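J.: Residue numbers (the working numbering): 135 to 421.
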């Protein structure tokens with residue numbers, strides 16, 4: 135019997151798209167993968183408890199779990215000229231201490247938001263409930279993530295793009311690090327290397343078979359958007375740059391970690407490449 139590997143990801147379209155090549159049996163059979171879909175803040179909280187073998191996380195969480203999880207090179211989502219949006223009602227003027235709904239304390243958007251708006255009063259909600267909270271005046275504004283950024287009620291408008299705040303803070307032309315993947319360090323190294331290779335292959339196969347896989351997801355009602363929005367969303371967050379992180383993406387993650395450290399979110403400064411799975415071990419062993 136194959137070893138079981140638990141994988142947790144969010145229910146948004148890019149995570150499902152990047153994982154489903156495994157679920158549909160398009161990638162190897164070394165392991166029996168068991169997947170669970172949960173909202174991003176729940177995933178972050180469970181990663182802090184070391185629950186799943188592999189978990190989608192917010193990049194901003196990673197320094198808090200680095201001792202227990204390795205950072206994976208694949209299934210990543212970055213914003214490049216886009217990202218989460220701070221929205222409000224069109225007639226609303228925001229005061230410095232405005233009340234805002236965010237999708238979770240450990241999300242990247244929360245870290246960036248808190249640096250930019252230190253006086254704001256924050257409540258945390260499931261990302262699917264944030265637009266409603268703004269419409270019903272439970273909060274003055276909210277940060278939309280995932281597919282919510284594509285379309286929202288016409289009575290709402292964008293106050294700020296978090297991409298613009300990121301550019302202001304990063305002071306460099308770097309993509310915005312949003313979602314990553316982490317693997318539990320308690321897994322034997324051979325397994326860790328093999329699992330990462332499976333996940334890289336899954337994202338690669340998904341990207342190369344985008345139309346087929348997208349149709350399958352739509353037919354099975356596995357996602358919350360229609361075909362047109364799915365295509366737009368995958369172009370944003372699940373693309374060739376999701377397969378294997380490049381140097382520019384590593385630099386962006388390091389800049390996020392640096393900002394978090396400088397503003398007191400982390401107690402030490404780390405570099406992303408120091409926390410990857412040492413896949414060169416396999417090459418050394420086989421040489």
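Just so you know, even glycine gets a beta-carbon here, dropped at the ideal spot from N, CA and C.
What you are looking at is a predicted structure, and each value in this text was computed from that prediction instead of being measured.
1. Let me check understanding here. Comparing Cα to Cα, which of 192, 155, 340 lies closest to residue 172?
2. Residue 313 and residue 206 - do their beta-carbons sit closer together than 8 Å?
3. Please report the straight-line C-alpha distance between residue 376 and residue 208, rounded to a whole angstrom.
4. Can you name, in chain order, every residue of its own chain whose Cβ lies under 7 Å from the Cβ of residue 397, other than the five neighbours on each side?
5. Compute the Euclidean distance between the alpha carbons of residue 145 and residue 270, then round it to the nearest angstrom.
6. For residue 393, I'd like the list of residues in its chain whose CB is within less than 7 Å of its CB, leaving aside the five on either flank, ordered along the chain.
7. Looking at the strands, I want to know which residues DSSP matches up with residue 212.
8. Is the beta carbon of residue 338 within less than 7 Å of some heavy atom of the ligand FAD?
9. By DSSP, does residue 254 sit in helix, in strand, or in coil?
10. How would you label residue 419, buried or exposed, when you count the other beta carbons within 10 angstroms and need 16 or more for buried?
11. Could you spell out where the beta strand (DSSP E) holding residue 386 opens and where it closes?
12. Going by DSSP, what residues sit across from residue 276 in a beta bridge?
13. Among the residues of its own chain, which have a CB less than 7 Å from the CB of residue 287, if the five just before and after it don't count?
14. For residue 138, write down the residues that DSSP places opposite it in a beta bridge.
15. Spatial neighbours of residue 161 within its chain, please: C-beta separation below 7 Å, excluding the five flanking residues on both sides.
16. What does the alpha-carbon distance come out to for the pair residue 281 and residue 327?
17. I'd like to know if the region 213-230 and the region 304-311 are in contact, where contact means that at least 3 CB-CB pairs between them fall below 8 Å.
18. Expressed to the nearest angstrom, what Euclidean distance is found between the alpha-carbon atoms of residue 236 and residue 316?
19. Any contact between the region 226-241 and the region 341-356? By contact I mean 3 or more CB pairs, one from each, below 8 Å.
20. May I ask you to report which of helix, strand or coil DSSP gives residue 248?
21. DSSP beta-bridge partners for residue 189?
22. Out of 350, 329, 260, state which residue places its alpha-carbon closest to the alpha-carbon of residue 412.
23. Relative to the C-alpha of residue 273, which residue among 381, 170, 258, 283 is closest?
24. Start and end of the beta strand (DSSP E) containing residue 206?
25. For a quick check, are the C-beta atoms of residue 165 and residue 184 less than 8 Å apart?
26. DSSP state of residue 302, grouped into three classes?
27. Grouping DSSP H, G and I as helix and E and B as strand, with all else coil, what is residue 329?
T.: From the atom records:
1. Mapped onto the chain shown, residue 172 falls at position 38. With distances taken between Cα atoms, residue 172 lies closest to 192.
2. As a position in the chain shown, residue 206 is number 72, starting the count at 1. As a position in the chain shown, residue 313 is number 179, starting the count at 1. Contact: no.
3. For this step, residue 376 is matched to residue 242 along the chain shown. For this step, residue 208 is matched to residue 74 along the chain shown. Taking the CA atoms as reference points, residue 376 sits about 6 Å from residue 208.
4. As a position in the chain shown, residue 397 is number 263, starting the count at 1. 249, listed in sequence order.
5. Translated into the one-based positions of the chain shown, residue 145 becomes position 11. Translated into the one-based positions of the chain shown, residue 270 becomes position 136. Using only the alpha carbons, I get a separation of about 25 Å.
6. By one-based count along the chain shown, residue 393 stands at place 259. Apart from sequence neighbours up to five positions away, the residues of its chain that approach residue 393 with a beta-carbon distance below 7 Å are 249, 303, ordered along the chain.
7. What you label residue 212 is simply residue 78 of the chain shown in a count that begins at 1. Bridge partners of residue 212: 311.
8. As presented, the structure is devoid of all ligands, the ligand FAD included, so that no description of it is given.
9. As a position in the chain shown, residue 254 is number 120, starting the count at 1. In the displayed model, residue 254 falls within coil according to three-state DSSP, outside both helix and strand.
10. Mapped onto the chain shown, residue 419 falls at position 285. With a pLDDT of 49 at residue 419, under the threshold of 50, the modelled position of that residue is not reliable, and the figure given next carries that caveat. So residue 419 counts as exposed.
11. Counting from one through the chain shown, the residue named residue 386 turns up at place 252. Judged by DSSP secondary structure, residue 386 falls outside any beta strand (DSSP E) and instead within the alpha helix (DSSP H) spanning 381-396.
12. Within the chain shown, numbered from 1, the residue matching residue 276 stands at position 142. In the DSSP assignment, residue 276 is bridged to 221, 235.
13. Numbered from its first residue, the chain shown carries residue 287 at position 153. Closer than 7 Å at the Cβ level, and outside the excluded window around residue 287, lie 265, 269.
14. Here residue 138 refers to the residue found at position 4 of the chain shown. Its beta-bridge partners are 166.
15. Here residue 161 refers to the residue found at position 27 when the chain shown is read from its first residue. Shown here for residue 161: same chain residues with a beta carbon closer than 7 Å to its own, the five before and five after excluded, namely 155, 332, 335, 336, 339 in chain order.
16. In the chain shown, the residue the question calls residue 281 occupies position 147. In the chain shown, the residue the question calls residue 327 occupies position 193. Rounded to the nearest angstrom, the two C-alpha atoms are 31 Å apart.
17. Yes, the region 213-230 touches the region 304-311.
18. Counting from 1 along the chain shown, the entry for residue 236 is found at position 102. Counting from 1 along the chain shown, the entry for residue 316 is found at position 182. Computed Cα separation, rounded: 23 Å.
19. In the pairwise beta carbon analysis, the region 226-241 is classified as not touching the region 341-356: fewer than three pairs are separated by under 8 Å.
20. As a position in the chain shown, residue 248 is number 114, starting the count at 1. Residue state, collapsed to three classes: helix.
21. For the purposes of this step, residue 189 is identified with residue 55 of the chain shown, where counting begins at 1. The partner list for residue 189 (beta bridge, DSSP) reads 142, 316.
22. Looking up residue 412 in the chain shown gives position 278. Nearest of 350, 329, 260 to residue 412, Cα basis: 329.
23. Taking the first residue of the chain shown as position 1, residue 273 is located at position 139. The shortest Cα separation from residue 273 among 381, 170, 258, 283 belongs to 258.
24. Your numbering for residue 206 matches position 72 in the chain shown. Note, residue 206: premise wrong, no beta strand (DSSP E); not H, not E.
25. For this step, residue 165 is matched to residue 31 along the chain shown. For this step, residue 184 is matched to residue 50 along the chain shown. Result no, Cβ atoms of residue 165 and residue 184 do not sit closer than 8 Å.
26. Position 168 of the chain shown holds residue 302. Of the three classes helix, strand and coil, the one that applies to residue 302 here is helix, per DSSP.
27. Counted from its first residue, the chain shown places residue 329 at position 195. Under the three-state reduction of DSSP output, residue 329 falls in the helix class.
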